[in-house]
Amino acid sequence: MSTTENASGAESSAITAGLHPSSGESVAPAPRRGVGWALLASELSVLFRRRRTIALLAALAAIPILIAVAIRLSSSTRAGRGPAFLDQITQNGLFVGVAALVVAIPLFLPLTIGVVAGDTIAGEASHGTLRYLLMAPAGRARLLLVKFAGAAAFCVAAALTVVVAGTLIGALLFPVGPVPLLSGDTVSVGEALLRFLAIAAFVAISMLGMSAIGLFFSTLTSVPVGAMATTIAFAVASQILDALPQVAWLHPWLFSHQWLGFADLLRQPISWQTFGDNAVLQAGYVVVFGALALARFLTKDVLS
Amino acid sequence: MTRRWTKWVPALAIPAVVIVGAVMVPLQAGAAGDLPDKTPQQLLEFAASSKVDALSGTLEQTSNLGLPDLSSITSSMSGSGASGASGEDVSQALDLVTGSHTARVFIDGSDARMQVMDQLAERDIVASPDGVWFYDSDKQSAVHLTGSAQKKAADLTAPTPQTIANSVLGKIGDTARVTVGKDGSVAGRPAYKLVVTPKDADTLIGFISLSIDADTGLALAAQVNAKGSSDPAFKLAFTQVTLAAPDASLFDFTPPAGTDVTEKALPASGGSGEHAKGERAAGIATVGTGWSTVAVVPAAQVPADVLSSPMLKSVTTAVTGGRLISTALVNVLIADDGRVLVGSVTPDRLLAAAAGS
Chain B
1 MSTTENASGA ESSAITAGLH PSSGESVAPA PRRGVGWALL ASELSVLFRR
51 RRTIALLAAL AAIPILIAVA IRLSSSTRAG RGPAFLDQIT QNGLFVGVAA
101 LVVAIPLFLP LTIGVVAGDT IAGEASHGTL RYLLMAPAGR ARLLLVKFAG
151 AAAFCVAAAL TVVVAGTLIG ALLFPVGPVP LLSGDTVSVG EALLRFLAIA
201 AFVAISMLGM SAIGLFFSTL TSVPVGAMAT TIAFAVASQI LDALPQVAWL
251 HPWLFSHQWL GFADLLRQPI SWQTFGDNAV LQAGYVVVFG ALALARFLTK
301 DVLS
Chain E
305 MTRRWTKWVP ALAIPAVVIV GAVMVPLQAG AAGDLPDKTP QQLLEFAASS
355 KVDALSGTLE QTSNLGLPDL SSITSSMSGS GASGASGEDV SQALDLVTGS
405 HTARVFIDGS DARMQVMDQL AERDIVASPD GVWFYDSDKQ SAVHLTGSAQ
455 KKAADLTAPT PQTIANSVLG KIGDTARVTV GKDGSVAGRP AYKLVVTPKD
505 ADTLIGFISL SIDADTGLAL AAQVNAKGSS DPAFKLAFTQ VTLAAPDASL
555 FDFTPPAGTD VTEKALPASG GSGEHAKGER AAGIATVGTG WSTVAVVPAA
605 QVPADVLSSP MLKSVTTAVT GGRLISTALV NVLIADDGRV LVGSVTPDRL
655 LAAAAGS
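Just so you know, the sequences run in chain order B and E. With the working numbering applied, the first sequence corresponds to residues 1 to 304, in that order. With the working numbering applied, the second sequence corresponds to residues 305 to 661, in that order.
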């Protein structure tokens with residue numbers, strides 16, 4: 001991380017901190033709620049204006065673009081080779097986004113989520129801005145909630161980036177037509193796009209559990225890299241465990257278990273079962289690690 | 305200090321509540337209902353009188369046959385030229401028997417569709433009086449069978465608990481002891497449990513339990529335990545089921561553009577089901593009756609590349625007269641003369657059958 005970025009991050013957070021006391025109508029009738037929303041708004045604008053966030057999203061957008069360009073330049077791909085959906089791209093460009101998700105979900109997407117979620121509290125602490133944020137009358141619990149909302153917003157942005165960039169580059173480089181589903185039925189382009197949006201929602205929800213884990217680790221340390229690395233290591237470990245048949249009993253409990261379950265949205269009729277199961281699983285992780293993060297953050301001595 | 309400590313209480317209590325809830329809810333779901341008692345005979349008649357001809361549901365199949373993963377044997381052959389197709393067929397069949405699967409089933413009268421949901425892929429069987437489609441999204445290939453018009457389409461899809469129940473109920477006669485087990489709940493529906501214990505000493509089957517829907521008599525789950533084992537070796541159960549006619553458009557299948565389609569015509573004279581048809585076509589003979597029936601596949605029908613695979617050698621054990629693949633429920637003997645004998649019977653019984661015929 002460059003010094004300029006550090007500087008800008010610190011500066012924007014400082015602005016954030018400075019903003020709250022002055023932003024509310026100083027003798028406001030309901031100042032606390034207003035403070036929460038203002039805090040969220042400034043958190044989102046700081047997060048998405050950050051150069052690092054933009055770079056992470058650009059890297060995610062590069063995945064479908066690389067895939068599409070590589071396939072366009074190479075000769076025909078044989079059915080059944082490579083990651084799922086890759087062989088269908090030449091016939092229908094709309095598959096680029098889905099193929100990119102299959103490629104990105106095991107490592108690249110969790111990597112970006114880990115960076116953002118691990119930075120939430122530890123980043124502010126390392127910049128020395130955490131105590132300024134806590135001066136705002138929002139309270140620690142609300143600050144934590146706002147930080148988690150920011151991480152969740154990044155999950156949505158990350159999933160949408162891959163899907164939208166993939167769909168656009170696919171439409172640009174390859175023919176577009178009615179989309180064949182896994183079940184062998186074919187749906188119109190409009191319905192396919194709706195399903196891709198549902199897939200983006202599925203993937204965003206899939207990453208919420210990991211975001212909560214990252215938030216918790218972020219409250220434990222004031223070294224953001226440590227929280228990021230631990231979160232990403234957790235994601236990798238979870239996927240390794242998920243691949244071991246010896247611990248099959250554990251599989252339904254792993255937060256990465258349903259990550260590729262978005263394929264159920266490409267069946268006819270759509271199977272919402274996995275969507276629901278995944279949402280419940282991720283909600284469980286959010287509640288558990290959210291509670292741990294809250295307890296840790298409420299009892300933490302904030303020295304920086 | 306105490307105030308700090310209390311702030312950790314929710315952090316510990318919430319995970320505890322979530323975990324206890326996550327463990328308890330599935331247990332509750334399978335809890336026994338209290339159904340009016342039925343004698344075994346009444347339950348048999350009730351099951352036999354079931355008239356459900358439209359449903360959609362999700363099936364879950366688990367197999368624990370004590371068999372090593374054979375997919376590597378067969379997939380290594382799938383690329384081997386002209387004989388590859390047979391290897392692939394064997395691979396698919398083995399996969400369906402040995403693995404765990406989730407499938408959706410849609411049945412409406414003479415139309416049926418089964419979707420085996422693999423990760424990022426799907427295998428479909430769409431059967432209607434006009435013909436049967438087999439579609440594999442991974443290979444982007446489809447097979448279209450026509451000419452089987454007289455056959456009931458549902459018989460052509462992979463087994464459901466009901467087809468297993470039908471074949472078990474047809475076999476019972478006085479060859480098995482029938483008891484009624486503890487009432488339970490399958491896919492959220494209260495169900496009776498019918499336990500069939502074969503009397504035959506030679507069979508490997510310990511008992512078969514069928515969950516019979518208390519409302520309609522439909523079989524909701526089938527489970528086979530090997531002799532002396534309390535864990536099921538094979539289980540097929542609905543996890544979700546709706547007894548309403550599915551959307552008719554599901555049975556109207558057209559493979560997507562770019563699919564590799566193979567057209568196959570079946571001989572018009574069909575048997576009573578796929579199994580009977582398969583036996584007739586392949587010249588498979590049977591030895592014995594009832595639970596200890598042994599199927600004998602003539603040497604000519606056995607794909608040579610399967611037998612010559614070195615991996616197959618590693619999962620078989622040498623016995624006098626051939627090589628044996630032993631699983632919890634089924635034994636397979638590859639006789640020295642190339643015949644393959646299959647049955648839910650002890651190895652001795654298989655060897656006797658090989659020597660006898």
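Note that the Cβ used here is the ideal one computed from N, Cα and C, for glycine as well. Source: prediction; values computed, not measured.
Taking all protein chains shown into account, decide if residue 624 (chain E) is buried (16 or more other Cβ within 10 angstroms of its Cβ) or exposed. For the purposes of this step, residue 624 (chain E) is taken as the residue at position 320 of the second sequence. Label assigned to residue 624 (chain E): exposed.
Taking the alpha carbon of residue 319 (chain E) as the point to measure from, which residue in B:71, B:186, B:240, B:291 has its own alpha carbon closest? Taking the first residue of the second sequence as 1, we reach residue 319 (chain E) at position 15. Looking at the Cα atoms, B:291 is the closest of the given residues.
Continuous beta strand (DSSP E) stretch holding residue 435 (chain E): start and end: Mapped onto the second sequence, residue 435 (chain E) falls at position 131. Start and end: 435–440.
Residue 210 (chain B), enclosing alpha helix (DSSP H) - first and last residue: In the first sequence, counting from the first residue as 1, residue 210 (chain B) sits at position 210. Note, residue 210 (chain B): alpha helix (DSSP H), 208–220.
Per DSSP, residue 426 (chain E) forms a beta bridge with which residues? As a position in the second sequence, residue 426 (chain E) is number 122, starting the count at 1. Note: residue 426 (chain E) sits in a beta bridge opposite E:421.
Would the region 557–569 of chain E count as touching the region 626–642 of chain E if we require 3 or more Cβ pairs under 8 angstroms? no
Starting from the Cα of residue 418 (chain E), find the closest Cα among B:268, B:130, B:229 and give me that residue. Residue mapping note: residue 418 (chain E) aligns to position 114 of the second sequence, counting from 1. Looking at the Cα atoms, B:268 is the closest of the given residues.
Could you tell me the boundaries of the alpha helix (DSSP H) in which residue 142 (chain B) lies? By 1-based counting over the first sequence, the position of residue 142 (chain B) is 142. 140–173 is the extent of the alpha helix (DSSP H) around residue 142 (chain B).
For chain E, check one thing: does any of its Cβ atoms lie closer than 9 angstroms to the Cβ of residue 85 (chain B)? Along the first sequence, read from residue 1 onward, the residue named residue 85 (chain B) stands at position 85. Closer than 9 angstroms to some Cβ of chain E, the Cβ of residue 85 (chain B) qualifies, so yes.
Does the beta-carbon distance from residue 604 (chain E) to residue 543 (chain E) come in below 9 angstroms? Numbered from 1 along the second sequence, position 300 holds the residue referred to as residue 604 (chain E). Numbered from 1 along the second sequence, position 239 holds the residue referred to as residue 543 (chain E). The answer is no: Cβ separation not under 9 angstroms.
Closer than 9 angstroms, CB to CB, is residue 22 (chain B) near chain E or not? Along the first sequence, read from residue 1 onward, the residue named residue 22 (chain B) stands at position 22. Any reading at residue 22 (chain B) must be qualified, since the residue scores a pLDDT of 39, below 50, and its modelled position is unreliable; no value is offered.
List the DSSP bridge partners of residue 127 (chain B). Your numbering for residue 127 (chain B) matches position 127 in the first sequence. DSSP, once it has assigned bridges, lists no residue as partnering residue 127 (chain B).
For chain B, is any of its Cβ atoms less than 9 angstroms away from the one on residue 314 (chain E)? Mapped onto the second sequence, residue 314 (chain E) falls at position 10. Closer than 9 angstroms: yes.
Answer yes or no: does any C-beta atom of chain B fall closer than 9 angstroms to that of residue 408 (chain E)? On the second sequence, residue 408 (chain E) is found 104 positions in, with the first residue counted as 1. Nearest CB-CB separation between residue 408 (chain E) and chain B: below the 9 angstroms threshold.
Quick one: is residue 282 (chain B) buried, meaning 16 or more other Cβ sit within 10 Å of its Cβ, or exposed? Sequence index remark: in the first sequence, residue 282 (chain B) carries index 282 (1-based). With 16 or more Cβ atoms within 10 Å of its Cβ, residue 282 (chain B) is classed as buried.
Under DSSP, the alpha helix (DSSP H) around residue 643 (chain E) begins and ends at which residues? Taking the first residue of the second sequence as position 1, residue 643 (chain E) is located at position 339. Element bounds for residue 643 (chain E): n/a, residue is neither H nor E.
Element boundaries [beta strand (DSSP E), containing residue 629 (chain E)]: Reading the second sequence from its first residue, position 325 is the one you call residue 629 (chain E). Residues 626–630.
Pick helix, strand or coil for residue 448 (chain E), following the three-state DSSP scheme. For the purposes of this step, residue 448 (chain E) is taken as the residue at position 144 of the second sequence. Three-state DSSP puts residue 448 (chain E) in a strand.
In terms of alpha-carbon separation, which member of B:144, B:154, B:273, B:167 lies closest to residue 125 (chain B)? Start at 1 with the first residue of the first sequence, and residue 125 (chain B) comes out as number 125. It is B:144 whose Cα lies nearest to the Cα of residue 125 (chain B).
Look up residue 285 (chain B) in the DSSP assignment and give the residues it is bridged to. Residue 285 (chain B) sits at position 285 when you count from the first residue of the first sequence. Answer is none; residue 285 (chain B) lacks a bridge partner.
Residue 509 (chain E) (DSSP reduced to helix, strand or coil): Here residue 509 (chain E) corresponds to residue number 205 of the second sequence, with the count starting at 1. Here DSSP, grouped into helix, strand and coil, assigns residue 509 (chain E) to strand.
Per-residue burial, residue 135 (chain B) [other beta carbons within 10 Å of its own, 16 or more giving buried]: Translated into the one-based positions of the first sequence, residue 135 (chain B) becomes position 135. Exposed, because fewer than 16 other Cβ atoms sit within 10 Å of the Cβ of residue 135 (chain B).
Given this structure, state the Cα-to-Cα distance separating residue 205 (chain B) from residue 251 (chain B), to the nearest angstrom. To locate residue 205 (chain B), count along the first sequence from 1; it is residue 205. To locate residue 251 (chain B), count along the first sequence from 1; it is residue 251. Spanning the two alpha carbons is a distance of roughly 18 angstroms.
For residue 216 (chain B), which option in B:84, B:116, B:95, B:68 has the closest C-alpha, if you only look at C-alpha atoms? What you label residue 216 (chain B) is simply residue 216 of the first sequence in a count that begins at 1. Of the listed residues, the one whose Cα sits closest to residue 216 (chain B) is B:116.
Establish whether the CB of residue 28 (chain B) and some CB of chain E are separated by less than 9 angstroms. As a working mapping, residue 28 (chain B) is identified with position 28 in the first sequence. Low confidence applies to residue 28 (chain B): its pLDDT is 40, below 50, so where it sits in the model is not reliable enough to give any reading.
For a contact defined as C-beta to C-beta under 7 angstroms, what are the partners of residue 602 (chain E) on chain B? As a working mapping, residue 602 (chain E) is identified with position 298 in the second sequence. Near residue 602 (chain E) there are no residues of chain B at all, since even the closest Cβ is about 33 angstroms away, more than 7 angstroms.
Mind pulling the chain E residues with CB within less than 7 angstroms of residue 183 (chain B)? The residue given as residue 183 (chain B) occupies position 183 in the first sequence. Residues of chain E passing the Cβ test: 419, 426, 428.
Beta carbon of residue 98 (chain B) nearer than 9 angstroms to that of residue 202 (chain B): Here residue 98 (chain B) is taken as the residue at index 98 of the first sequence, counted from 1. Here residue 202 (chain B) is taken as the residue at index 202 of the first sequence, counted from 1. Against a cut-off of 9 angstroms, the Cβ pair of residue 202 (chain B) and residue 98 (chain B) comes out as no contact.
Among the candidates E:594, E:338, E:658, E:656, whose CA atom is the shortest distance from the CA of residue 471 (chain E)? For this step, residue 471 (chain E) is matched to residue 167 along the second sequence. Minimum Cα distance to residue 471 (chain E) is reached at E:594.
Report, in whole angstroms, the separation of the C-beta atoms of residue 468 (chain E) and residue 526 (chain E), which I expect to be a contact under 8 angstroms. In the second sequence, the residue the question calls residue 468 (chain E) occupies position 164. In the second sequence, the residue the question calls residue 526 (chain E) occupies position 222. Sure, about 4 angstroms apart at Cβ, within 8 angstroms.
What is the DSSP secondary structure of residue 296 (chain B), reduced to helix, strand or coil? Here residue 296 (chain B) refers to the residue found at position 296 when the first sequence is read from its first residue. Here residue 296 (chain B) sits in helix by DSSP.
Between residue 36 (chain B) and residue 142 (chain B), is the Cβ-Cβ spacing less than 9 angstroms? Within the first sequence, numbered from 1, the residue matching residue 36 (chain B) stands at position 36. Within the first sequence, numbered from 1, the residue matching residue 142 (chain B) stands at position 142. Yes; because the gap between Cβ atoms is below 9 angstroms, this pair is in contact.
When the Cα atoms are used, what is the spatial distance from residue 548 (chain E) to residue 330 (chain E)? If you number the second sequence from 1, residue 548 (chain E) lands on position 244. If you number the second sequence from 1, residue 330 (chain E) lands on position 26. Cα to Cα, the separation comes out at about 25 angstroms.
Flag residue 271 (chain B) as yes if its beta-carbon sits less than 9 angstroms from any beta-carbon of chain E, otherwise no. As a working note, residue 271 (chain B) is residue 271 in the first sequence. Judged by the 9 angstroms Cβ criterion, residue 271 (chain B) is in contact with chain E.
Pull up the CB-CB distance for residue 114 (chain B) and residue 235 (chain B), whole angstroms please, since I reckon it's below 8 angstroms. Numbered from 1 along the first sequence, position 114 holds the residue referred to as residue 114 (chain B). Numbered from 1 along the first sequence, position 235 holds the residue referred to as residue 235 (chain B). Indeed they touch by this definition, with Cβ atoms about 6 angstroms apart.
Can you list the residues of chain B that residue 441 (chain E) reaches, using a CB-CB cut of under 7 angstroms? Along the second sequence, read from residue 1 onward, the residue named residue 441 (chain E) stands at position 137. Under the 7 angstroms cutoff, chain B gives 182, 184.
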